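Since the structure comes first, as structure tokens, the remarks are kept for the end.
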Amino acid sequence: MFCNILIWFVIIPIVMMAGLGLCRGKSIGAIRAVMVVGSTALLGLAIWLCCEFLRLRGAGDASEMLFTGSWMWYAPFNIHLAVGVDGISVLMLLLSAVIVFAGTFASWKINPLPKNFFLWFCLLSTGVFGFFISIDIFTMFMFYEVALIPMYLLIGVWGTGRKEYSAMKLTLMLMGGSAFLMLGLLGIYWHSAPEGMPLTWNILEISHNSAIDPSWQNLLFCLTFVGFGVLGAMFPFHTWSPDGHACAPTAVSMLHAGVLMKLGGYGCFRIAIYLLPQAANELAWIFIILTGISIVYGAFSACVQTDLKYINAYSSVSHCGMVLFAILMLNTTAMTGAILQMLSHGLMTALFFALIGMIYGRTHTRDIRQMGGLMKIMPYLGVCYMIAGFASLGLPGLSGFVAEMTIFFGSFEDADLFHRCFVIAATCSIVITAVYILRVVGKLLLGPVQDDHHLALTDASWFERLSTVTLIVCIAGIGCFPNWINETIQFSFHPIIKAIEAAAL
Amino acid sequence: MDYSQFGAMRPELILLGIFLIVFLFDTFAGEKARKATTPLTLVLFGLGTVAMWILPDSFEGSVFGGMYVSTHTCVWIKNILNVGAFIVLLQSVKWIESPDDIVRKGEFYELLLVTLFGMYLMISARHFLLFVIGLEAASLPLAALAAFSKKKYESHEAAIKYIMTAVFSSAILMMGLSFVYGLSGGSLYFNDIALALASSSMSGLLLCALAFVLAGLGFKLSLVPFHLWTADVYQGAPTAVTSYLSVVSKGAAAFAFFVIFTQCFGAVYADAWEWMLYAVIIATITVGNLFAMRQKNMKRFMAFSSVSQAGYIMLGVIAGNAIGMASMLFYIFVYVVSNLGAFAVISSIENETGKLSMDDYRGLHKSNPWLSFAMTLAMFSLAGIPPFAGFFSKILIFTAATSTGSMALYMLVLIALINTIISLYYYLLVVKAMWISPDEPVIPAYRSACTERVALWLCVAGIVFFGLVSPIYQGIFNASVSDALAFFGMIH
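If you read the sequences in order, they're chains A and B. The opening residue of the first sequence carries number 965 in the numbering used here; numbering runs sequentially from there. The opening residue of the second sequence carries number 1129 in the numbering used here; numbering runs sequentially from there.
See below:
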């Protein structure tokens, strides 16, 4: 079992938790050491996995999932701890590792109770990594919920503002989504195999059997898509996102917007669409409408906010809507765009939240009306903010451009009026994005200094620089070498597209 | 008479032995030696629990003309109840040794062991006569236990309420049984009733009989609408007794409920009681949750939470098959450790400071981090959060309920799942009070008694490992499957 490299993505955070458990609450040095060593190990493991994956693919290994392993857990229900990755999960693991790494440094000076903070933080990362390596829907769901619950305490204890309200709202809404999801997964399990064959939770086997009755598919598709859609901030289930993100501490916002929301997109893609292709063909239009609304509505909402975190949270609603929107187009190009958008949004929103946290830590306000001219005072943070902003509005050379272009090209492939209208509406969101990003940059970084106390503020410290540089390098990397991503994920869509085409016949 | 038949009743004999030793010791030992009653009971009962757990099943089948059976699942549920009772004994030590109650500690142990003995009979009975004897032996001493805090007004109120409802529900149950007796052509053996019902058609009398039996047992399980006694009795009774009522007594009743409804009345599942139980489950889960949200007293809070949990346990009954039995037993087991974990904290704090309000738990993590940590785990487990045991028990019971493939049961599971979110809300309120509230702690830092800590550690270990370690469920599942083939008239 321990020979499988993927398992280590779960073991390392658990070991980190054990290590933190041994530290004394006051010895901040030891706690930081555990976190730095652990998150570096995770990042190294993710990079190594990526290289190894590309090497195997290059050597002609065309199987759907690599590094697979499966261990029986609950035999009566055929529940396995089954792991395996394709190109998409490899990239998601890499993204998570980068953000956990950056998040560790962004919460370098967390106060109070640093030990408990990092304990829950590690539990959250266990859930995230476990989710991406699982190919058994039971364990996938388990890790999904493991990732959700620490949010309550992380926001409730270490958050700011109306933290108790937001923490409760976020937890209950996400758990509510997972209630629907659970029912959908149970339905999938009880219909996973034709009469006489053993039932299974394994994604590959379910897809191979393709035994789910069409009349059940529609119901299960709605349940699972809504279940994951809540986490993907799909309209009208997005309202947890602005409140939750605004009140969360920096590293938690980063991890949540950067990675956790991707769980939603990944789950829709891997379970709702892949396992229920027939229903996906039939019912995609409902969710295209909803996600279309997310995209435009999120962007407009961001325009009128004055709190930096709210602006970014609504922009996340818009960008994550784009991910689900592209997945629902059910063609290779758009789905490639969706994956690129997940990576791009994950990195840039993490960068945004890290920067907002750093600015807030200095100015003690997040209201853009009370700030101005910060570029002169803290040029490093200012430039980083601009880079994040440009990535968000899709400047070529940064990740946002590549992702959004691919999505719109792919979405335009569907030639009927319905799809065209929604794609055009979604494309308009780029303009709106430019409006709110440039508004913030103008107010916050340029113009006169609003508050004389701000003149005494210092620029980024070394750990803040490390955190931001990591993220910027990745954003520019995707923007300049998107082909590398493309190579990694290109085989991953074949089985899904094949299932959809088979179902359409 | 063939006395070797008593050999089949090994769990009962062990328990009876422990009871007799404790009773004789408590009666005849001198004033000084009597101090040893508590350790003696704990050690004997602990050894008995372990012995019953590890000794292989010596016997499987029925004795005394089919009145008493010993099956794999019976052994499992008895072991589970033993674990629960042992933890209750551990957490009650400090309270029972306190000056107000010390004179009567022997009686406390004796009454508790007698009720457990009654539950054993309820579990193994395959004749309603034996079942009723067991039921009464399990109920009446509990009223005495509820009145145990002699100087507290609430304790007496609780005892009166409990005895009134217990007697009332017994009367209703007997009424139902007399109807059943008529319908079955003059037999109270479970098998005879099942045979008679299989060949007869539906009648108003049968519906009445089922409704009365459901109501009678529903009182014991505090299913809605038969739950009205629960909150007051739980609040008034001494905390050790409350925790005993909420897990051990409930677990035994749930198992008996399963056996009676699937074995006796299995033939009229779809015609009659599936829909009764369906409505009762929805009412139980929802009402329990809605009332729990507004409670400020921790014991009342746990009362309504346990009403709602009983609804989840009943999901296993409505599935009515081997998977349902296995998932229900596992659910009860996990519920025992989770609920007792919460009660261990509550009773420890009550014994130390007398505080019982949720507001008193504010900022608890600053003064007692370990207690609040254990309480958090218990709350998460009760709410069904992974990786704790409660998550697995919930999912497995949902899997069982959907296993019949009926659309109606999918709807039921959806309602139960939505209720899980409501329950998460109020369980998180406790977590919020302990961890998030900025207030200074009301409860000062203190070191809880050794026995309390052992009880808490047992519960925490159960909460963490029962779900992750699958052989427990596997063992229960194998037992259920083999029993389903040999003993129960399973429905599906």
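Note that the Cβ used here is the ideal one computed from N, Cα and C, for glycine as well. Since the model is a prediction, treat every value here as computed from it, not as a measurement.
DSSP has residue i in a bridge; who is on the other side?
i, result
"residue 1255/B", "1317/B"
"residue 1046/A", "1034/A"
"residue 1196/B", "1191/B and 1253/B"
"residue 1485/B", "1425/B"
"residue 1098/A", "1047/A"
"residue 1331/A", "1271/A"
Does any C-beta atom of chain A lie closer than 9 Å to the C-beta of residue i?
i, result
"residue 1560/B", "yes"
"residue 1502/B", "no"
"residue 1585/B", "no"
"residue 1563/B", "yes"
"residue 1133/B", "no"
"residue 1620/B", "Annotation note: pLDDT 49 at residue 1620/B (below 50); position unreliable, no value reported."
"residue 1552/B", "yes"
"residue 1470/B", "no"
"residue 1514/B", "yes"
"residue 1549/B", "yes"
"residue 1594/B", "no"
"residue 1542/B", "yes"
Here's the rule I'm using: 16 or more other beta-carbon atoms within 10 Å means buried, otherwise exposed. How should residue i be labelled?
i, result
"residue 1380/A", "exposed"
"residue 1330/B", "exposed"
"residue 1328/A", "exposed"
"residue 977/A", "buried"
Heavy atom of the ligand MG less than 8 Å from the Cβ of residue i, yes or no?
i, result
"residue 1357/A", "As for the ligand MG, it is missing from this structure, which has no ligand bound."
Can you find a CB in chain B that lies within less than 9 Å of the CB of residue i?
i, result
"residue 1213/A", "no"
"residue 1143/A", "yes"
"residue 1261/A", "no"
"residue 1224/A", "no"
"residue 1135/A", "yes"
"residue 990/A", "no"
"residue 1368/A", "no"
"residue 1377/A", "no"
"residue 1196/A", "no"
"residue 1040/A", "yes"
"residue 1120/A", "yes"
"residue 1140/A", "yes"
"residue 1353/A", "no"
"residue 984/A", "no"
Residue range of the alpha helix (DSSP H) that residue i falls in?
i, result
"residue 1128/A", "1127 to 1154"
"residue 1429/A", "1426 to 1444"
"residue 1113/A", "Segment: none, residue 1113/A is in no alpha helix (DSSP H) and carries neither H nor E."
"residue 1556/B", "1535 to 1559"
"residue 1413/A", "First-last for residue 1413/A: undefined, no H or E at that position."
"residue 1364/A", "1363 to 1375"
"residue 1159/A", "Where residue 1159/A is concerned, there is no enclosing alpha helix (DSSP H), given that its DSSP letter is neither H nor E."
"residue 1208/A", "1204 to 1211"
"residue 1342/A", "Element bounds for residue 1342/A: n/a, residue is neither H nor E."
"residue 1364/B", "1358 to 1364"
"residue 971/A", "971 to 986"
"residue 1012/A", "992 to 1022"
With distances taken Cα to Cα, identify the nearest neighbour of residue i among the options.
i, options, result
"residue 1440/B", "1526/B, 1264/B, 1502/B and 1421/B", "1526/B"
"residue 1301/B", "1323/B, 1332/B and 1347/B", "1347/B"
"residue 1363/A", "1008/A, 1403/A, 1207/A and 1309/A", "1309/A"
"residue 1540/B", "1215/B, 1155/B and 1405/B", "1405/B"
"residue 1208/B", "1221/B, 1222/B, 1178/B and 1195/B", "1178/B"
"residue 1029/A", "1338/A, 1325/A, 1175/A and 1168/A", "1168/A"
"residue 1398/A", "1444/A, 1024/A, 1429/A and 1350/A", "1350/A"
"residue 1341/A", "1224/A, 1416/A and 1051/A", "1416/A"
"residue 1146/A", "1124/A, 1130/A and 1187/A", "1187/A"
"residue 1309/B", "1296/B, 1397/B and 1323/B", "1323/B"
"residue 1476/A", "1376/A, 1419/A, 1414/A and 1305/A", "The structure shown does not extend to residue 1476/A, since chain A is modelled only from 965 through 1469, so no value can be given for it."
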